[in-house]
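Student: Under our numbering, the first residue of the sequence shown is numbered 493, with each subsequent residue one higher. Sharing a structure with you now.
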Amino acid sequence: MTEIPLHFEPPRGMRDFYPEDMAARNAVFAAWAEAARRFGFVQYDACVVESLELLKRKSGEEIGDQLYTFKDKSDRDLALRPEMTPTLARMIAARHGMLSFPLKWFAIAQCFRYERTTKGRKREHYQWNLDILGEESLSAEAEILACVFSALTALGLNAQDVRTHFSSRALLADLLAKAGISEEHHSAAFLALDKRGKIPDDEIVLLLRKAGLKQEDVAAAFRIMALNDLDDVRSFLGGETPALAAAAELPRRMADYGLDDYLCFDIGVVRGLGYYTGIVFEAYAAAHKMRAIFGGGRYDRLLGELGGNALSGVGLGFGDVVIMDLLQAKGGMPSGPDRIDLAVGFMEEAQRPAAVRLARVWREEGRRADLALHCEKAKNFFGRVGKGGVTEAVFLGPDDLASGTARVKNLSGRTERQIPLK
Ligand code: HAM
Numbered sequence: 493m494t495e496i497p498l499h500f501e502p503p504r505g506m507r508d509f510y511p512e513d514m515a516a517r518n519a520v521f522a523a524w525a526e527a528a529r530r531f532g533f534v535q536y537d538a539c540v541v542e543s544l545e546l547l548k549r550k551s552g553e554e555i556g557d558q559l560y561t562f563k564d565k566s567d568r569d570l571a572l573r574p575e576m577t578p579t580l581a582r583m584i585a586a587r588h589g590m591l592s593f594p595l596k597w598f599a600i601a602q603c604f605r606y607e608r609t610t611k612g613r614k615r616e617h618y619q620w621n622l623d624i625l626g627e628e629s630l631s632a633e634a635e636i637l638a639c640v641f642s643a644l645t646a647l648g649l650n651a652q653d654v655r656t657h658f659s660s661r662a663l664l665a666d667l668l669a670k671a672g673i674s675e676e677h678h679s680a681a682f683l684a685l686d687k688r689g690k691i692p693d694d695e696i697v698l699l700l701r702k703a704g705l706k707q708e709d710v711a712a713a714f715r716i717m718a719l720n721d722l723d724d725v726r727s728f729l730g731g732e733t734p735a736l737a738a739a740a741e742l743p744r745r746m747a748d749y750g751l752d753d754y755l756c757f758d759i760g761v762v763r764g765l766g767y768y769t770g771i772v773f774e775a776y777a778a779a780h781k782m783r784a785i786f787g788g789g790r791y792d793r794l795l796g797e798l799g800g801n802a803l804s805g806v807g808l809g810f811g812d813v814v815i816m817d818l819l820q821a822k823g824g825m826p827s828g829p830d831r832i833d834l835a836v837g838f839m840e841e842a843q844r845p846a847a848v849r850l851a852r853v854w855r856e857e858g859r860r861a862d863l864a865l866h867c868e869k870a871k872n873f874f875g876r877v878g879k880g881g882v883t884e885a886v887f888l889g890p891d892d893l894a895s896g897t898a899r900v901k902n903l904s905g906r907t908e909r910q911i912p913l914k
């Protein structure tokens, strides 16, 4: 790969999309949008700049330290959105009385987070958001997950490529309560436990102690995080709870969609955002060590906490960076710039009007025609358009105008056909 001189690079963590990158991005966006529409989600969008007030975070949430903040010329405190969920909640709260629920919305949102850049981690990414608002039953989680798996299938990935781990914040709350850890410490404990595997355990111990857990509570929290499956969880709890029943039910719901293979219970999935209240999930590439492909869960209190009417929600965010890395690693990355159906060139000014007419007819018929901008030699024209992306090419010279016909060459098949120039 050619080295880009420093002063031509975008700001650190930001991204340029050259035509070949754009083709790949468009293919991913198209798979997302098509899957969402097939599942009955409708698209929305919103401003990239939000009020800082809306985005102010619970302490302990990493995302709070990653905000790009600034003041506008009227001294308003603003920020670039790091995620779409607070904006979605704001939009729903603003029209609550006019909307009918449950509603299913999707967006492809550009988000900004001032993160340490590593593989799969940029300061700017696009995120597919799928959310169902106003549905309390597990059907919402199942429908969201089925939709996301349908997009993965469209991108050529299957249950062997992607493992979706799920757990439940409500279940973790039951377990913490069973261990004698009072509810007031739960949210801080969730955010600390989410960091397992990302920072050393002794730092997590410190975070848990800071969250108000006693030494023996910390030990209990670690015992909970070592529970292997739902049977272990049941034994720890000494019986069933509604949260445990829901966690056990989710794979059965996915089996109705033929998708239980994608899902495994993992007590370690906690999520680093404070608003989740129920089922939470994160998906990872099975054969590669990468950041999560997507993550989400149930957030039943967010709208109420923002000052709107209480409303349950389930949703996920699916970034474009990790999926593109994964598709590339698998060799399944859509590549090459957009295709051109016909390239039209001409030798002299005298043939320009005929070339323009030809391109015009093709364009009016809905095909993509690339018209040369100046006269050139046939060798230069065919050398230029033969580099890929063009299906057919026609080059007009004085003889073609005299005969009233031209030869259209198929560049890959090396075949030719005659067309009238009228
Ligand atoms: P999140 O887990 O913070 O969730 O982000 C979702 C996905 O966005 C991640 O799994 C990852 O693919 C991608 N992503 C996030 N940050 C970056 C980054 N710096 N560089 C590259 N990719 C990134 C949320 O944002 C929730 N709002 C999702 C949600 C929607 N929950 C309910 N509805």
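We put the CB at the ideal spot given by N, CA and C, even for glycine. If you're wondering where the values come from, they're calculated on a predicted model, not measured in any experiment.
Given a cut-off of 8 angstroms, decide if residue 642 and residue 530 are closer than it, judged by their beta-carbon atoms.
Tutor: Taking 8 angstroms as the Cβ cut-off, residue 530 and residue 642 qualify as a contacting pair.
Student: For the ligand HAM, any of its heavy atoms closer than 7 angstroms to the Cβ of residue 645?
Tutor: Every heavy atom of the ligand HAM is 7 angstroms or more from the Cβ of residue 645, so no.
Student: Check whether the segment 883-895 and the segment 841-860 touch, using three or more Cβ-Cβ pairs below 8 angstroms as the test.
Tutor: Yes, the segment 883-895 is in contact with the segment 841-860.
Student: Starting from residue 745 and walking both ways along the alpha helix (DSSP H), at which residues does that stretch end?
Tutor: Start and end: 734-748.
Student: Throw me the rounded Cβ distance for the residue 802 and residue 771 pair, which I believe falls under 8 angstroms.
Tutor: Contact flag wrong, Cβ pair sits at about 18 angstroms.
Student: Does DSSP put residue 776 in a helix, in a strand, or in coil?
Tutor: Residue 776 falls in the strand class under three-state DSSP.
Student: Hey, is the segment 617-630 in contact with the segment 549-568, meaning 3+ C-beta pairs nearer than 8 angstroms?
Tutor: Output reads no: the segment 549-568 does not touch the segment 617-630.
Student: Do the CB positions of residue 808 and residue 636 come within less than 8 angstroms of each other?
Tutor: Yes, these two residues count as a Cβ contact at 8 angstroms.
Student: Could you tell me whether the Cβ atoms of residue 542 and residue 571 are closer together than 8 angstroms?
Tutor: Yes.
Student: Using only alpha-carbon positions, find the residue among 587, 618, 767 that is nearest to residue 797.
Tutor: Closest option to residue 797, Cα to Cα, is 767.
Student: Check the DSSP bridge columns for residue 886 and list the partner residues they point to.
Tutor: In the DSSP output, where bridge partners are listed per residue, residue 886 has 836, 900.
Student: Which residues in the same chain as residue 911 place their Cβ atom closer than 7 angstroms to its Cβ, once the five residues preceding and following it in sequence are excluded?
Tutor: So the list reads 897, 898, 900, once near-sequence residues are dropped.
Student: Are residue 559 and residue 578 close, meaning C-beta to C-beta below 8 angstroms?
Tutor: No. Outside cutoff.
Student: If you draw a straight line from the alpha carbon of residue 630 to that of residue 834, how long is it in whole angstroms?
Tutor: Near 51 angstroms, if we compare the C-alpha coordinates of residue 834 and residue 630.
Student: Three or more C-beta pairs closer than 8 angstroms, one from the segment 806-821 and one from the segment 506-525: is that the case here?
Tutor: As far as the Cβ criterion goes, the segment 806-821 touches the segment 506-525, which means the pair count is three or higher.
Student: Counting pairs of beta carbons, one from the segment 638-655 and one from the segment 665-672, are three or more of them closer than 8 angstroms?
Tutor: No contact exists between the segment 638-655 and the segment 665-672.
Student: Please list the segments of the beta strand (DSSP E) lying wholly inside the segment 514-562, counting only runs of 3 or more residues, in order along the chain.
Tutor: If we require 3 residues or more, the beta strand (DSSP E) runs fully inside the segment 514-562 come out as 541-543.
Student: Beta-carbon separation of residue 811 and residue 619 under 8 angstroms?
Tutor: Contact flag set, yes.
Student: Spell out the partners DSSP gives residue 621 in its beta bridges.
Tutor: According to DSSP, residue 621 bridges with 599, 809.
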